[in-house]
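Q: One structure is given below, represented as structure tokens, and several questions about it will come after.
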């Protein structure tokens, strides 16, 4: 039974180890085999028809592309990397792919260009029941649905990979391979979100889930950025202390230059947002948002160089607060650019005063 299960694993994964000996009392020895050798050893004694054997062989090789052999086939010319690194790369590639699709859905320019240059656009939209001009596939509601499918996909694999201690278990094989099947599952989940009944209730509920998840995502990013900037500042600070007289000033100068560049970018972004997203009359929400975030960046900078922080963290400085200030300005710009423009009501004058 153990040998049979091992051979089933070989057939499902595309290639693995084949037992060389199975006599009672013998210790099993394994050798690496290719799919063709495996088929010859398993199917040749049972089938004499060469054409049928060739068809089974081709089908088996094609099925291997749905397993772990897919990436090794496409990336044969690339340098070898660790399996864990390649797995992270593939999941990041899926995330980037869905993000690009969401950006296309949010772009009115892309939607207008598709309407203009695709002759059968209107017929295609009616055929897939997406509205007369595919209005169900564009806008924030479509992005919510696609992101819901992606979130379900990653949450499913999060549950699937709990307590995996090594990469030799069955679940680890699935986690590290079967990328074509995973891509099909991801596409099915993102597409299936468009068929959820009661879309209004779903969008209202998912809006709060997205806001909560976005807040946690930004908080984690801030922690990682602070850690990265702290290590960066510490390394350059130590190099400036341990280097010779000629290189000491160079490292200190580089540290000051990078800090100055970061603060220049943050101040320039603050000024440009104040010019383009505020007016003398109205736009109070934008003014408050820009003012509060700018004040918080100034507060963080003062805290970073305060004596109490310097006593506990001697390697702390303005580099960390500069990195955080640039990131906060980016988040502020992202919020202002996605907010609909504010309209200023015009007072109607009497006819006699015109």
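In mature numbering (1 follows the signal peptide of the UniProt record, and there is no 0), the protein residues as written are -22 to -1, 1 to 332. Every residue gets a Cβ at the ideal spot worked out from N, C-alpha and C, and that includes glycine.
Is it a yes or a no for the stretch 116 to 126 touching the stretch 161 to 174, going by three-plus beta-carbon pairs under 8 Å?
A: yes
Q: On the three-state DSSP scale, how would you describe residue 176?
A: Position 198 of the chain shown, counting from 1, holds the residue named residue 176. In this structure, residue 176 counts as coil in the three-state DSSP scheme.
Q: Kindly list the residues whose CB is nearer than 6 Å to the CB of residue 88, restricted to its own chain and excluding five residues on each side of it in sequence; keep chain order.
A: By one-based count along the chain shown, residue 88 stands at place 110. The answer, listed in chain order, is 82.
Q: Using 8 Å as the Cβ pair cut-off and three pairs as the minimum, do the stretch 228 to 241 and the stretch 295 to 311 touch?
A: yes
Q: Which residue from 226, 220 and 230 puts its Cα closest to that of residue 211?
A: Here residue 211 corresponds to residue number 233 of the chain shown, with the count starting at 1. The candidate whose alpha carbon is nearest that of residue 211 is 230.
Q: Would you call the CB atoms of residue 203 and residue 305 closer than 8 Å?
A: The residue given as residue 203 occupies position 225 in the chain shown. The residue given as residue 305 occupies position 327 in the chain shown. Cβ distance < 8 Å, so residue 203 and residue 305 count as in contact.
Q: Pairing CB atoms from the stretch 142 to 152 with CB atoms from the stretch 182 to 189, are three or more of them under 8 Å?
A: no
Q: I think residue 282 touches residue 273, with their Cβ atoms under 8 Å apart; what is that distance to the nearest whole Å?
A: Numbered from its first residue, the chain shown carries residue 282 at position 304. Numbered from its first residue, the chain shown carries residue 273 at position 295. The Cβ separation is near 15 Å, so there is no contact.
Q: Do you know how far the Cα of residue 90 is from the Cα of residue 180?
A: Position 202 of the chain shown holds residue 180. Position 112 of the chain shown holds residue 90. Roughly 27 Å between the two C-alpha positions.
Q: Can you tell me where the alpha helix (DSSP H) holding residue 292 begins and where it ends?
A: Against the chain shown, residue 292 aligns to sequence position 314. Neither: residue 292 is in no alpha helix (DSSP H) and is coded neither H nor E.
Q: Which residue wins for smallest C-alpha separation from residue 128, given the options 72, 86 and 85?
A: For the purposes of this step, residue 128 is identified with residue 150 of the chain shown, where counting begins at 1. The shortest C-alpha separation from residue 128 is found at 72.
Q: CA-CA distance, residue 184 and residue 233?
A: On the chain shown, residue 184 is found 206 positions in, with the first residue counted as 1. On the chain shown, residue 233 is found 255 positions in, with the first residue counted as 1. Distance between the alpha carbons of residue 184 and residue 233: 44 Å.
Q: Ignore the nearest five residues each way along the sequence and tell me which others in residue 255's own chain have a CB closer than 6 Å to its CB.
A: Along the chain shown, one-based indexing puts residue 255 at 277. These residues qualify, in order along the chain: 264 and 314.
Q: Give the range of the alpha helix (DSSP H) segment to which residue 258 is assigned.
A: Position 280 of the chain shown, counted from the first residue, corresponds to residue 258. Note, residue 258: premise wrong, no alpha helix (DSSP H); not H, not E.
Q: Assuming residue 129 is part of the alpha helix (DSSP H), what are its boundary residues?
A: If you number the chain shown from 1, residue 129 lands on position 151. Note, residue 129: alpha helix (DSSP H), 118 to 138.
Q: Do you know how far the Cα of residue 276 is from the Cα of residue 287?
A: For the purposes of this step, residue 287 is identified with residue 309 of the chain shown, where counting begins at 1. For the purposes of this step, residue 276 is identified with residue 298 of the chain shown, where counting begins at 1. Their Cα atoms are separated by approximately 16 Å.
Q: Starting from the C-beta of residue 215, find all residues in its chain whose C-beta is less than 6 Å away, skip the five residues before and the five after it, and write them out in chain order.
A: Position 237 of the chain shown, counting from 1, holds the residue named residue 215. 293.
Q: Going straight from the alpha carbon of residue 266 to that of residue 278, what length do you get?
A: Numbered from its first residue, the chain shown carries residue 266 at position 288. Numbered from its first residue, the chain shown carries residue 278 at position 300. In a straight line, the C-alpha of residue 266 is about 18 Å away from that of residue 278.
Q: I need the boundaries of the alpha helix (DSSP H) containing residue 272, first residue and last residue.
A: As a first step, residue 272 must be located in the chain shown, where it is residue number 294. Start and end: 262 to 282.
Q: Which of helix, strand or coil does DSSP assign to residue 303?
A: Along the chain shown, read from residue 1 onward, the residue named residue 303 stands at position 325. Three-state DSSP puts residue 303 in a helix.
Q: Figure out for me which residue from 182, 206 and 68 has the closest Cα to the Cα of residue 159.
A: Position 181 of the chain shown, counted from the first residue, corresponds to residue 159. Closest in C-alpha terms to residue 159, from the list 182, 206 and 68, comes 68.
Q: Looking at residue 208: is its Cβ nearer than 8 Å to the Cβ of residue 65?
A: Reading the chain shown from its first residue, position 230 is the one you call residue 208. Reading the chain shown from its first residue, position 87 is the one you call residue 65. Not a contact, by the Cβ cut-off of 8 Å.
Q: Suppose the cutoff is 7 Å on Cβ atoms and the five residues either side in sequence are ignored; what does the same chain contact list for residue 63 look like?
A: As a working note, residue 63 is residue 85 in the chain shown. Closer than 7 Å at Cβ, skipping near neighbours: no residue.
Q: Once the 5 residues before and after residue 252 are set aside, which same chain residues still bring their CB inside 6 Å of it?
A: Against the chain shown, residue 252 aligns to sequence position 274. Result list for residue 252: 268, in chain order.
Q: What residue range is occupied by the uninterrupted alpha helix (DSSP H) comprising residue 73?
A: Within the chain shown, numbered from 1, the residue matching residue 73 stands at position 95. Looking at the DSSP string, the run of the alpha helix (DSSP H) that includes residue 73 is 61 to 84.
Q: If you draw a straight line from the C-alpha of residue 213 to the C-alpha of residue 227, how long is it?
A: Within the chain shown, the letter at position 235 stands for residue 213. Within the chain shown, the letter at position 249 stands for residue 227. About 15 Å.
Q: Based on Cα-Cα distance, which residue from 284, 217, 148 and 161 lies nearest to residue 74?
A: For the purposes of this step, residue 74 is identified with residue 96 of the chain shown, where counting begins at 1. Each of 284, 217, 148 and 161 was checked against the Cα of residue 74, and the nearest Cα belongs to 161.
Q: Skipping 5 residues on each side, what residues in its chain have a beta carbon closer than 8 Å to that of residue 84?
A: Here the question's residue 84 lines up with position 106 in the chain shown. Same-chain partners within the cutoff: 116, 117, 118 and 121.
Q: Please list the terminal residues of the continuous alpha helix (DSSP H) segment that includes residue 144.
A: On the chain shown, position 166 is the one that residue 144 refers to. Residue 144 -> no alpha helix (DSSP H), and no H or E assigned at all.
Q: Out of 155, 150, 259 and 247, which has the shortest C-alpha to C-alpha gap to residue 309?
A: Residue 309 sits at position 331 when you count from the first residue of the chain shown. Among 155, 150, 259 and 247, the Cα nearest to that of residue 309 belongs to 247.
Q: Would residue 163 and residue 132 be called neighbours here (beta carbons separated by less than 8 Å)?
A: Working through the chain shown from its first residue, we reach residue 163 at position 185. Working through the chain shown from its first residue, we reach residue 132 at position 154. No. Outside cutoff.
Q: For residue 218, I'd like the list of residues in its chain whose CB is within less than 6 Å of its CB, leaving aside the five on either flank, ordered along the chain.
A: Locating residue 218 in the chain shown gives position 240, where the first residue counts as 1. Excluding positions up to five away in sequence, the list reads 226, 229 and 230.
Q: Take residue 291 and list the residues in its own chain whose beta-carbon comes closer than 6 Å to its own, dropping the five residues that flank it on each side.
A: As a first step, residue 291 is located in the chain shown; it is residue number 313 there, counting from the start. So the list is empty, once near-sequence residues are dropped.
Q: Going by the CB atoms, is the gap between residue 241 and residue 303 shorter than 8 Å?
A: As a first step, residue 303 is located in the chain shown; it is residue number 325 there, counting from the start. As a first step, residue 241 is located in the chain shown; it is residue number 263 there, counting from the start. Their beta carbons are under 8 Å apart, which means residue 303 touches residue 241 by this criterion.
Q: Do you know how far the Cα of residue 270 is from the Cα of residue 243?
A: Translated into the one-based positions of the chain shown, residue 243 becomes position 265. Translated into the one-based positions of the chain shown, residue 270 becomes position 292. Residue 243 and residue 270: Cα-Cα distance of roughly 18 Å.
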